[in-house]
Structure formats: C-alpha cells, structure tokens
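Under numbering that gives the first Met the number 0, think of the first position of the sequence shown as 0, with each following residue one higher. Note that beta-carbon positions come from the ideal geometry of N, C-alpha and C, so glycine has one too. Predicted, not measured: the structure shown is a model, and the values here were computed from it. A short write-up of the structure that comes next.
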Amino acid sequence: MWPILERLRVEAIKQKESAAATNSTTKRGESGVGSANEIDTKPKEKEKQTKRKRGIYINLTQCKYDTVRTVAAQRGWLEDEDDKGKKNLFTVYWCDGAVTKYRVAQLKNHQRINHFPGLEVLAHKTHLSQILNKMEKAFPSEYNFMPKTFILSRHVEPFRAYCTTPNGHKKTWIFKPSTGACGKGIVLTKDPLHWANDFDDTVVQEYITNPLLIEGKKFDMRVYVLVTSVRHLSVFMYNEGLVRICAVPYQQPTSANMDNECVHLTNYSINKEHPNFSPGESDAGDTGSKRDFRWFNRFMTENGQNPKDVWADISDVIVKTLIAAHPTLSHMYKICFPHSNAGFTCFQILGFDILFDTQYRPWVLEVNQSPSLRGDTPIDFRIKTGLLQETMQILNLRLSDEERDQDLQQARSRARLLGGKFEAASKSGGKHVKTHMAVE
C-alpha cells in the first residue's frame, strides 16, 4: 500500500493494456546499471570471493543524495559498493543521471533501475514542446495546458509572424534554454523579435501574466510522479510536495522589473539567495517560502475552491503529458527487452512543475527527469524521505525474485538444450507471485 499516494488512471490505454497487465507472470525485470561501457562482459579468471550477506542490495555509487541512502538503510537494504555496478550484483541501481538503452538491456529479470531510456523526450524542453504541440493540433481541447511555445531552431519565422498578429502583439515572452535548469539562461522580454536570432537551442514561451498568488507572491508547485512501467503504462502521483513561493511580491512584467528574477521566477536556486527568502523554521510546511500540499489544500478551501477538483485537473494534465510521450518510451523499452520482460525493469520519479492562473487552471511549465532529492531544509527532508519510502515500498522487492529469476534462466537453458518448452517452479512453492500493479 502507498498510504499517501494516489494511483492515476490512464484511461486512454486502459482497454489496450489491461489484458496484458492481468495475464503477466511474476517475472520482474528491472533495475540498473549506468552507461554503455560500464558493464564488463569479458571473461576473467575466477576470483576468490567472500560470500555476501543475503539481502536486497542497492548500488548508490552514482547517487549523491544522502536521503536515498538513509531510506534504503531504514528499509534494511544493503549497499552494493561495486564501482558503477560493473559486477552486476545489485538488486537496485540508483543513479542521478540518465541511462542508455544498452545499460538497461544488460539487466537481469529481478533487477531494477531508477531511469527509463528515452525519457529525455519529457525533460528536454524542445522535445516536450514538440510532442505537446503536436498533440494540441490533433486534440486542441485536451492538450491546451502548456503555454504557447515555439522552438526557435525550427519555428523562428512562424514565431516572428505570430508576434505581429493582434494576439501575439505586446505579449510577454520567456526564453528558456532547452536543456537549462535552475533558472539559468532565462530571459523575460516584451520585445521578443529583438532576441529571436540570439538563441538557437531554445524554446520561447508565452508568459502567464495572471498567476495565482500566495500572500501577493507568485508560486509554482513541484508535483512528484512515479512511473513504474511504460509497457503497461503505470503512473502514481505523490500527494505531498512543495509549494515554492517567490521571495518578492509579484508585479505585472514591465521593462523596469523584468530583470528582477525573484519576482517572476519561482526557481528555488534563484530565490534562496534573496534576503527575503525563508526556508521555514520546522518541517510543518505551513510557513516560509516553501510549503506543503496539506497547507495548499487549506489555502484552496479558504479561498472557495474544492481541492478534489483542483487535484483532478492536475492529475489529468500529468496523465495526458505521459500519454503523449508513451509511444517513444514504449518503443525504447521494447528495444531493450524485445522478449520475455514483464515491463517493470525501470521505474522513475519525475518532477512536474505546475503553475496556476487566477482561475486555478493548471499549466505544465516543464518536467524534470531527475528532480532534486536533497533534504537541505526540514520540509525538503520530510517530503523527500517520505517520497522515497513510498517509492521503495511499491517496488515490492523480495529475495525470492532473484531465486525465481535463477530458476527461469535454468529452465530456459534446459529448454534450449532439449529443444522443448520450459516450465519453472520457484523455490517459494512453485507459485508465481503477481508483483506488479495493473492499470485500473
């Protein structure tokens, strides 16, 4: 059970995937390794090895977050200190960066890795804009939750033309480097044509000038989403997260204030340097520049909004974003595992950055494929360790998974030798245990 996680319904693919998800066996195939050349597959002389303690092993040699180590230890997991997982002896490989399809394809059926190959289609601003713009053309009433966006390397002339129309004239625009993070390289302007030729790998996005305010300040929300399968699209939304409030009261953008980042940009890395920024005195999440969703639910209720309706709208835009990327993600996964994989080798925590306008309409600003898990403030530590506890719990890892994997590998080897079909009974009594959650 995930006591504070909500399962998102993926209605668009429900009928297509439900049969496959229901009938899938207990083969679990997920976990990790890091980059293409880091697995040593060359035969070597046998080395004398001491027998390892039996348990769930997590490799964190490419993870910098103490929160992950803390939670793994609390769950009784053991740390595999093999450099970059070259010996491939872990149960879970947890790394901070993206992974290659080659690395994922090397995994055994019982192993897990915390990234999907190809997920940069969501994290790369150019790719995200491209797929959502394409979906908006096909389904304009369903995919209208990203501010109007142009990819300058491809659409500079259409952008110039739009800026001369009555709708585009005098609007405020925000230029974002496609692979930028932490607010670096962002330019806010009312004269976009002046900047259009100065950027290449950049998206330019209409600036939402009527944001919902908290105590007179602009804010956004970091919503954490766990994807556990792209073969059978399986998505969870963590219903705790961060409300990130600007350090300076909001003003409509003008030439005089557009350079004041702490008015217009909600990025923590920018606002934390301002003297008005307050991290909060405790982990209660009800004061300071960072607050939690429990506080935000009270805020909505006090302002006449039904939190259930607002969260339904948020889950709707998250699911639609993932559906837009699903063909690419599913294709990449099938390249890694063309045969005999239940679809649960990879899992990934995503960070959706959501902005509200004054009508409580959610806008997807961007998706972070490696959201920070740093617990450098009390509220960050509480929320992120809770997120990690729930994530590790839903993976449902068992020692019997590796034993069953070994049984299946032996059965396949016998079948290849004998030229027949194979049947494998696990050491837990010959029963396959259903270890994944099907789409509802």
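For Val203 and Glu156, I'd like the C-alpha separation in whole angstroms. If you number the sequence shown from 1, residue 203 lands on position 204. If you number the sequence shown from 1, residue 156 lands on position 157. Going from the Cα of Val203 to the Cα of Glu156 covers about 13 angstroms.
Look up Asp79 in the DSSP assignment and say whether it is helix, strand or coil. In the sequence shown, residue 79 corresponds to position 80, counting from 1. Three-state result, Asp79: strand.
May I have the straight-line CA-CA distance separating Gln347 from Leu394, to the nearest angstrom? Indexing the sequence shown from 1 puts residue 347 at position 348. Indexing the sequence shown from 1 puts residue 394 at position 395. Each residue's alpha carbon lies about 11 angstroms from the other.
Cutoff 7 angstroms; reference His126; Cβ partners in own chain excluding five residues on either side: Along the sequence shown, one-based indexing puts residue 126 at 127. Here the set comprises Glu119 and Val120.
Count the other CB atoms, across all protein chains shown, that sit within 10 Å of the CB of Asn302; report buried if there are 16 or more and exposed otherwise. Taking the sequence shown and counting its residues from 1, the one referred to as residue 302 is at position 303. With fewer than 16 Cβ atoms within 10 Å of its Cβ, Asn302 is classed as exposed.
Taking the C-alpha atoms as reference points, what is the distance between Lys307 and Gln368? Locating residue 307 in the sequence shown gives position 308, counting from the first residue. Locating residue 368 in the sequence shown gives position 369, counting from the first residue. For Lys307 and Gln368, the distance between alpha carbons rounds to 26 angstroms.
Need the endpoints of the alpha helix (DSSP H) that Asp65 sits in, please. Walking along the sequence shown from the start, residue 65 turns up at place 66. Element bounds for Asp65: Asp65 to Gln73.
With the cut-off set at 8 angstroms, would you say Leu396 and Thr90 are in Cβ contact? Looking up residue 396 in the sequence shown gives position 397. Looking up residue 90 in the sequence shown gives position 91. A contact, by the Cβ cut-off of 8 angstroms.
Complete alpha helix (DSSP H) runs within the stretch 241-327 (minimum length 4 residues, chain order): 260-263, 267-270 and 292-301
By how many angstroms is the C-alpha of Ile207 removed from the C-alpha of Cys162? The residue labelled residue 162 in the question sits at position 163 within the sequence shown. The residue labelled residue 207 in the question sits at position 208 within the sequence shown. Answer to the nearest angstrom: the Cα atoms are 16 angstroms apart.
Buried or exposed: which applies to Lys136, given that a residue is buried once 16 or more other Cβ atoms fall within 10 Å of its Cβ? Taking the first residue of the sequence shown as position 1, residue 136 is located at position 137. Exposed, since its Cβ has fewer than 16 Cβ neighbours within 10 Å.
What is the rounded straight-line gap between the Cα of Gly54 and the Cα of His325? Position 55 of the sequence shown, counted from the start, is the residue given in the question as residue 54. Position 326 of the sequence shown, counted from the start, is the residue given in the question as residue 325. Between Gly54 and His325, the C-alpha separation is close to 34 angstroms.
Residue closest to Pro370, alpha-carbon to alpha-carbon, out of Ile213, Tyr359, Leu386 and Asp356: The residue you call residue 370 lines up with position 371 of the sequence shown. Residue Leu386 is the option with its Cα nearest to Pro370.
Under 7 angstroms Cβ to Cβ from Asp219, same chain only, skipping five residues before and after it: list those, please. To locate residue 219, count along the sequence shown from 1; it is residue 220. These residues qualify, in order along the chain: Arg243, Thr265, Asp352, Ile353, Leu354 and Leu364.
I need the straight-line Cα distance from Arg102 to Gly350, nearest angstrom please. For the purposes of this step, residue 102 is identified with residue 103 of the sequence shown, where counting begins at 1. For the purposes of this step, residue 350 is identified with residue 351 of the sequence shown, where counting begins at 1. Their Cα atoms are separated by approximately 23 angstroms.
Once the 5 residues before and after Asp79 are set aside, which same chain residues still bring their CB inside 7 angstroms of it? Taking the first residue of the sequence shown as 1, we reach residue 79 at position 80. Correct list, in chain order: Tyr56, Ile57, Asn58, Leu88 and Phe89.
If you draw a straight line from the C-alpha of Asn275 to the C-alpha of Asn296, how long is it? To locate residue 275, count along the sequence shown from 1; it is residue 276. To locate residue 296, count along the sequence shown from 1; it is residue 297. Cα to Cα, Asn275 sits roughly 24 angstroms from Asn296.
Beta carbon of Pro252: closer than 7 angstroms to some heavy atom of the ligand FAD? Only the bare structure without any ligand can be found here, which leaves the ligand FAD out of the picture.
For Lys216, name the three-state secondary structure that DSSP assigns. Within the sequence shown, numbered from 1, the residue matching residue 216 stands at position 217. Note: Lys216 maps to strand in three-state DSSP.
Buried or exposed for Asp379, going by 16 or more other Cβ atoms inside 10 Å? For the purposes of this step, residue 379 is taken as residue 380 along the sequence shown, with counting starting at 1. So Asp379 counts as buried.
According to DSSP, simplified to helix, strand and coil, what is Thr376? As a first step, residue 376 is located in the sequence shown; it is residue number 377 there, counting from the start. Residue state, collapsed to three classes: coil.
Cβ of Ala323 within 8 angstroms of Cβ of Leu131? Within the sequence shown, numbered from 1, the residue matching residue 323 stands at position 324. Within the sequence shown, numbered from 1, the residue matching residue 131 stands at position 132. A contact, by the Cβ cut-off of 8 angstroms.
So for Thr384, helix, strand or coil by DSSP? As a first step, residue 384 must be located in the sequence shown, where it is residue number 385. It is helical.
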